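Scroll down for the structure; my scribbles are underneath it.
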Amino acid sequence: MSKLIITNWKMQLSLKEAVSLAKKFKAQSKKFQAKMIVCPDFLSLQPVSKILGRSAIELGAQNCASQNRGALTGEVSLLDLRTLGVKYVIIGHSERREKLGETSELINQKIKTALNNKLIPILCVGEKLVEKKAGKTRVVLINQLRLALKNIKINSAADLVIAYEPLWSISPGRPITSAEAELASIFINKEAAKILKKSVRVIYGGSVDVKNASGFLKQKHVEGLLVGAASLKENFSQICY
Ligand code: PGA
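In numbering that gives the first Met the number 0, the protein residues as written are 0 to 240.
Okay, here's the thing in structure tokens:
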């Protein structure tokens, strides 16, 4: 299976900038070895979807509502994301957990709703610096996985992706080493398999750039990357070749 390069544009681009970046990526995409997934903000999803058309680049959302329809002011339904051609959805990003108070219960519900709609959740897990310093990384990861994946059933390994993103490594933090990413991927894969009874893909995210990407991608158990800041740069697509 080719490695996944998931670009998280966060709230960094205007609509015009998102359209222009999508056009650039599409123009380069024929030569990509890796599978690129772009995750623009909600507003940009429709124009970006049109631009990407039938190219090899797939579309992801950065978040979703926990239910299909209802009185949920400001939320966006997975039913509508799906009609736009969205295939993946980032769930439980640390910025949503920490800055927007997203709970593990909500994350669990969003994963269930995404799977029911045949979208692939990209579940983000990772420890804070203080937890790392206290030697609690593994305990934190196990806890996050247990809560997020509670009562979740998947049919195949391709149904779900887990992104390991230590909070302290997200830019402007510092990346972990590729050896650390490999060990973390093995660990997360093993723990997730205990819950899901299936081995899913584990990717790494946090200050990945065009220089360090190949080191991570060479690791056997790091099945891809979740990239924020660097994915907005002109030369980013180099890492997909
Ligand atoms: P970064 O962000 O690549 O800018 O560190 C990654 C993320 O938050 O998903």
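Note that CB positions come from ideal geometry on N, CA and C, so glycine has one too.
Keep in mind it's a predicted model, so treat the numbers as computed, not measured.
- With a beta-carbon spacing of about 7 Å, LEU231 and LEU12 fall inside the 8 Å limit used to define contacts.
- Within the model, the alpha-carbon separation for TYR87 versus ARG137 is close to 26 Å.
- GLU181: not part of any beta strand (DSSP E); member of the alpha helix (DSSP H) spanning 177-195, first to last residue.
- The region 13-51 is shown to contain whole alpha helix (DSSP H) runs of 4 or more residues at 14-27 and 41-51, in chain order.
- Contact check for ILE187 against VAL124 passes: the beta carbons are separated by less than 8 Å.
- From the listed residues ALA33, ALA180 and ILE169, the smallest Cα separation to GLU57 is found for ALA33.
- In this structure, the alpha-carbon of LEU195 lies about 12 Å from that of ALA157.
- Judged by DSSP in its simplified three-state form, LEU148 adopts coil rather than helix or strand.
- When GLY73, LEU148, LYS152 and PRO120 are compared, the shortest CA-CA separation from ILE202 is found for PRO120.
- Of all C-beta pairs linking the region 163-181 to the region 210-223, three or more are shorter than 8 Å, placing the two stretches in contact.
- Within the region 60-124, the complete alpha helix (DSSP H) segments at least 4 residues long are 77-82, 93-98 and 103-115, listed from N- to C-terminus.
- Restricting attention to ILE238, ASN115, LEU80 and THR102, the CA atom closest to the CA of GLN45 is found in LEU80.
- The continuous alpha helix (DSSP H) containing ALA212 extends over residues 212-216.
- With a 10 Å radius around the Cβ and a threshold of 16 neighbouring Cβ atoms, SER1 comes out exposed.
- Annotation for VAL129: the continuous alpha helix (DSSP H) segment containing it runs 128-132.
- Distance from the CA atom of ARG200 to the CA atom of LEU77, rounded to whole angstroms, is 22 Å.
- According to DSSP, residue pairing for GLU57 in a beta bridge involves ILE36.
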